[in-house]
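Visitor: To start, I am sharing the structure in question, which I have written as structure tokens.
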Amino acid sequence: MHDERFDKLAKLLVEYSIRLTRNETVLIEAFDTPDEMAVALVRAVRNAGGVPFALVYHARVNRALAIEASDRQLTLMAGHELARMKKMNAYIAVRGSHNITELSDVPADKMKLIGKKMRPVQDQRVKKTKWVVLRWPTPSMAQLAGMSTEAFEDFYFDVCTLNYRKLLPGMKTLKRLMEATDCVQIKGPGTDLVFSVKGIPAVICGGDRNIPDGEVFTSPVKDSVEGHVTFNAPSIYQGTAFDGIRLEFKRGKIVDASSNETQELNKILDSDPGARYIGEFSLGFNPRVFQPMRDILFDEKIAGSFHFTPGEAYEEADNGNRSQVHWDMVSIQRPDYGGGEIYFDGKLIRKNGEFLPKQLRSLNWR
């Protein structure tokens, strides 16, 4: 059945997020999503004068491929997908899932091998195309959000079609402030962190990469992180659910890590040397996202949150850290989650999730 919300979202993704121009090629990847949304994207691409290509995936099929994947199989697959990606000017991925833990029983060594083999494809997509990725609302996501399916769908389309242009003035101010900062200090329940961001660019995320969006990120100087942090938002990584993650740092390195799945957490952090260093620090402020749902594209944008990311640094805000891991871990600092403070060079910038400088208050949720 046709839903006008699909058309509105597709138009935003094509015309605003990837800013498609005439004759550009676009790869559309749909994972467990309605065919109607893929059709809406194809039509939006054609209406913008672009050339659409579409692939449809299903999580259970992907699991069957992954669970006994061989080195040869993955080498062939990665080569094929890389050749295709090199022909694309833009990329749109809509990712739904009826079971967010579908890959939880894929052996860790297989997930590690898949990550390694597919990394060139991801690098090509991230570095060489205009791209945007987003989730798709499903009953399982609604359950994680504690909402009915219909209410969650309404929430989803409301959040994803937000007028991101209105956030841009505040985001530009925050970017300038972060780039002028040396020392960052974060305090809160179970958290006392200090690190430098001196000389590292800050990047605005205003609806042109991930949907939903609403963050400005940078990365810490690699060996500068000291102290400890506790993340109060639940997380999921490689199909495993994590709660109560706590990390302790010395000279930038994670020297102690615990959670409800401490052994599995440390396996991931031992994937390679860079996985125990931080590749991203970001402030989230989407005014319509308030509760975590174990979906990082939503959770990292939560109003009044920050995230700290073990693993790979983005090229746009590079501290030199390299890893196959990039795991955004989220802490919410609004009063209903225990509060907290963030200081830039000794000045209190955000208290209990709200920005204090006048020029940044437009990023607050109220």
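In my numbering, the protein residues as written are 103 to 468. Think of the CB as a built atom: it goes at the ideal place given N, C-alpha and C, for glycine as much as any other residue.
1) May I ask which residues mark the beginning and end of the alpha helix (DSSP H) holding H182?
2) Could you tell me the alpha carbon to alpha carbon distance between K355 and D294, rounded to whole angstroms?
3) Does any residue of chain D bring its CB to less than 8 Å from the CB of G152?
4) Would you kindly check if the distance between the Cβ of I302 and the Cβ of T320 is under 8 Å?
5) Between which two residues does the alpha helix (DSSP H) containing G272 stretch?
6) Per DSSP, which one or two residues make a beta bridge with L295?
7) From the DSSP secondary-structure annotation, give me the bridge partner or partners of W233.
8) Locate the alpha helix (DSSP H) running through F400, then write down its first and last residues.
9) Using the DSSP secondary-structure output, state which residues sit across from N312 in a beta bridge.
10) Along the chain, where does the alpha helix (DSSP H) containing S242 start, and where does it finish?
11) Considering only their Cβ atoms, is the gap separating L184 from V223 smaller than 8 Å?
12) Assess, as a yes-or-no matter, whether the region 372–381 is touched by the region 236–251 under the definition of 3 or more beta carbon pairs within less than 8 Å.
13) Confirm, please, whether the CB-CB distance from R174 to D397 is below 8 Å.
14) Is S361 helix, strand or coil by DSSP?
15) If you follow the alpha helix (DSSP H) that E106 is part of, which residue opens it and which one closes it?
16) So if DSSP puts K453 in a beta bridge, which residue, or which two residues, is it bridged to?
17) Assuming S361 contacts G346 under a Cβ cut-off of 8 Å, what Cβ separation, rounded to an integer in Å, is found between them?
18) Using a Cβ-Cβ cutoff of less than 7 Å, which residues in the same chain neighbour N368 once the five nearest sequence positions on both sides are dropped?
19) Only counting the same chain, and skipping five residues up and downstream in sequence, which positions put a Cβ closer than 6 Å to that of T332?
20) When you compare only the Cα positions, how much space is there between G217 and Q226?
21) If you reduce the DSSP assignment to three classes, tell me which class F254 lands in.
22) If distances are taken between C-alpha atoms only, which option among Y439, M179 and H330 comes closest to F410?
23) Which residues does DSSP pair with Y339 in a beta bridge?
24) Report the residue from G341, D134, A180 and T231 whose alpha carbon sits nearest the alpha carbon of V208.
25) Buried or exposed for A253, please, with buried defined as at least 16 other CB atoms from any protein chain shown within 10 angstroms of its CB.
26) Are there three or more Cβ pairs, one per stretch, closer than 8 Å when the region 406–426 is compared with the region 381–396?
27) Mapping the DSSP letters down to three states, classify S471 as helix, strand or coil.
28) Can you have a look at G181 and say buried or exposed, based on whether 16 or more other CB atoms are within 10 angstroms of its CB?
29) Secondary structure at L264, three-state DSSP: helix, strand or coil?
Guide: On the basis of the supplied data:
1) For this step, residue 182 is matched to residue 80 along the sequence shown. H182 -> alpha helix (DSSP H) spans D173 to M187.
2) By one-based count along the sequence shown, residue 355 stands at place 253. By one-based count along the sequence shown, residue 294 stands at place 192. Each residue's Cα considered, the two are about 15 Å apart.
3) Reference to chain D is not applicable here, since this structure consists of a single protein chain.
4) The residue you call residue 320 lines up with position 218 of the sequence shown. The residue you call residue 302 lines up with position 200 of the sequence shown. Yes, they are a contact pair.
5) For the purposes of this step, residue 272 is taken as residue 170 along the sequence shown, with counting starting at 1. Run containing G272: L270 to E281, per the alpha helix (DSSP H) assignment.
6) To locate residue 295, count along the sequence shown from 1; it is residue 193. DSSP lists I288 and G329 as partners of L295.
7) In the sequence shown, residue 233 corresponds to position 131, counting from 1. The partner list for W233 (beta bridge, DSSP) reads Y193.
8) For the purposes of this step, residue 400 is taken as the residue at position 298 of the sequence shown. I398 to D401 is the extent of the alpha helix (DSSP H) around F400.
9) Numbered from its first residue, the sequence shown carries residue 312 at position 210. Its beta-bridge partners are V235.
10) The residue given as residue 242 occupies position 140 in the sequence shown. Per DSSP, S242 belongs to the alpha helix (DSSP H) from P241 to A247.
11) Your numbering for residue 223 matches position 121 in the sequence shown. Your numbering for residue 184 matches position 82 in the sequence shown. Closer than 8 Å, so yes.
12) no
13) Looking up residue 397 in the sequence shown gives position 295. Looking up residue 174 in the sequence shown gives position 72. In this structure, R174 does not lie closer than 8 Å to D397 by Cβ.
14) Within the sequence shown, the letter at position 259 stands for residue 361. S361: coil per DSSP, three-state reduction.
15) Numbered from 1 along the sequence shown, position 4 holds the residue referred to as residue 106. E106 to K113 is the span of the alpha helix (DSSP H), which, as asked, contains E106.
16) Counted from its first residue, the sequence shown places residue 453 at position 351. Looking at the DSSP assignment, K453 forms a beta bridge with E443 and E456.
17) The residue given as residue 361 occupies position 259 in the sequence shown. The residue given as residue 346 occupies position 244 in the sequence shown. Contact flag correct, Cβ pair sits at about 5 Å.
18) Residue numbering aside, residue 368 sits at position 266 when the sequence shown is read from its first letter. A359.
19) As a working note, residue 332 is residue 230 in the sequence shown. Cβ within range, chain order: G292, T293 and R348.
20) One-based indexing of the sequence shown puts residue 217 at position 115. One-based indexing of the sequence shown puts residue 226 at position 124. Taking the straight line joining both Cα atoms gives about 14 Å.
21) Here residue 254 corresponds to residue number 152 of the sequence shown, with the count starting at 1. It is helical.
22) For the purposes of this step, residue 410 is taken as residue 308 along the sequence shown, with counting starting at 1. Of the listed residues, the one whose Cα sits closest to F410 is H330.
23) Residue numbering aside, residue 339 sits at position 237 when the sequence shown is read from its first letter. DSSP output for Y339 lists T342 as bridge partner(s).
24) As a first step, residue 208 is located in the sequence shown; it is residue number 106 there, counting from the start. Among G341, D134, A180 and T231, the Cα nearest to that of V208 is on G341.
25) Looking up residue 253 in the sequence shown gives position 151. Per the 10 Å Cβ criterion, exposed.
26) yes
27) No information on residue 471 is available, as it lies outside the stretch 103 to 468 that the chain covers here.
28) Taking the sequence shown and counting its residues from 1, one reaches residue 181 at position 79. The residue in question, G181, is exposed, as its Cβ has fewer than 16 Cβ neighbours within 10 Å.
29) Position 162 of the sequence shown, counted from the start, is the residue given in the question as residue 264. If DSSP states are grouped into helix, strand and coil, L264 belongs with coil.
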